[in-house]
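Engineer:
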Amino acid sequence: MARGLNKVTLIGNLGKDPELKYTNSGVAVATFSLATSDSWKDQEGNMQERTEWHNIVAWRKLAEICGQYLKKGSQVYIEGKIQTRSYNDKEGVKKYITEIVADQLLMLGGGGGRPQAEQGDSAPMPEPAPSKDEDLPF
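The numbering used here puts the first residue of the sequence shown at 1, with every later residue one more than the last.
(1) Using the three-state DSSP reduction, which class does GLU64 fall into: helix, strand or coil?
(2) Buried or exposed: where does THR98 fall if 16 or more other Cβ atoms within 10 Å of its Cβ makes it buried?
(3) Out of VAL76, GLN68, LYS95 and TYR69, state which residue places its alpha-carbon closest to the alpha-carbon of ALA35.
(4) Please determine, among GLU49, ALA2, LEU105 and LEU10, the residue with the shortest C-alpha to C-alpha distance to TRP59.
(5) Roughly how many whole angstroms lie between the Cα atoms of GLY4 and SER86?
(6) Can you check the stretch 23-93 for any beta strand (DSSP E) of at least 3 residues that lies completely inside it and give the ranges in chain order?
(7) Mapping DSSP to helix, strand and coil, what is PRO17?
(8) Using only the heavy atoms of the ligand PLP, determine whether one of them is closer than 6 Å to the beta carbon of GLU49.
(9) Ignore the nearest five residues each way along the sequence and tell me which others in VAL29's own chain have a CB closer than 6 Å to its CB.
(10) Under 7 Å between the Cβ atoms of LEU70 and LEU10?
(11) Considering only their Cβ atoms, is the gap separating ASN6 from ILE65 smaller than 7 Å?
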């Protein structure tokens with residue numbers, strides 16, 4: 001039986017500074033939004049632009065690097081996979097969130113002495129499955 005492929009490659013700019021937190025077991029997790037833009041000419045010849053926002057999650061050493069070096073507006077190349085998970089909000093309503101779990105990062109646009117390429121750990125990622133908003137790592 002053939003296995004599937006879940007791979008995402010994005011180049012975009014951070015919409016906010018990364019939020020770095022640690023799980024109860026001490027594992028680093030960083031979250032941030034990434035904007036990617038697409039432009040085209042419509043039928044009348046006018047330039048159109050659309051921005052798509054992506055929720056990014058990085059774990060372990062890659063999360064710490066994101067928290068240390070990335071800022072709002074930073075341009076980055078991200079490789080990872082799409083993941084959808086669910087949680088219950090404060091009223092007990094089940095909510096879903098789709099995120100990109102980053103496993104590789106390349107900082108673009110210069111930056112005087114910053115590391116230019118980093119790769120995440122290959123160990124399996126813990127499954128964040130919070131039962132209420134307070135348990136969310138971001």
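Backbone N, C-alpha and C fix where the C-beta goes; we use that ideal spot for every residue, glycine too.
Structural biologist: So, from the data block:
(1) Walking along the sequence shown from the start, residue 64 turns up at place 64. GLU64 sits in a helix when the DSSP states are folded into three classes.
(2) As a working mapping, residue 98 is identified with position 98 in the sequence shown. By the C-beta density criterion, THR98 is exposed, having fewer than 16 other C-beta atoms within 10 angstroms.
(3) Position 35 of the sequence shown holds residue 35. Sorting VAL76, GLN68, LYS95 and TYR69 by C-alpha distance to the C-alpha of ALA35 places VAL76 at the top.
(4) Numbered from its first residue, the sequence shown carries residue 59 at position 59. When C-alpha distances from TRP59 are compared across GLU49, ALA2, LEU105 and LEU10, the shortest belongs to LEU105.
(5) To locate residue 4, count along the sequence shown from 1; it is residue 4. To locate residue 86, count along the sequence shown from 1; it is residue 86. If I take the Cα positions, the gap works out to 22 Å.
(6) If you keep only unbroken beta strand (DSSP E) runs of at least 3 residues inside the stretch 23-93, you get 28-41, 47-59 and 75-88.
(7) Here residue 17 is taken as the residue at index 17 of the sequence shown, counted from 1. The residue you asked about is not Pro; residue 17 is Asp in the sequence shown. Three-state result, ASP17: coil.
(8) Among the components of this structure there are no ligands whatsoever, and the ligand PLP is therefore not found.
(9) As a working note, residue 29 is residue 29 in the sequence shown. Take VAL29, set aside five residues on each side of it, and the residues of its chain with a beta-carbon closer than 6 Å to its own are LYS21, TRP59, ALA63 and PRO137, in chain order.
(10) On the sequence shown, position 70 is the one that residue 70 refers to. On the sequence shown, position 10 is the one that residue 10 refers to. Contact flag unset, no.
(11) Here the question's residue 65 lines up with position 65 in the sequence shown. Here the question's residue 6 lines up with position 6 in the sequence shown. 7 Å or more divides the Cβ of ILE65 from the Cβ of ASN6.
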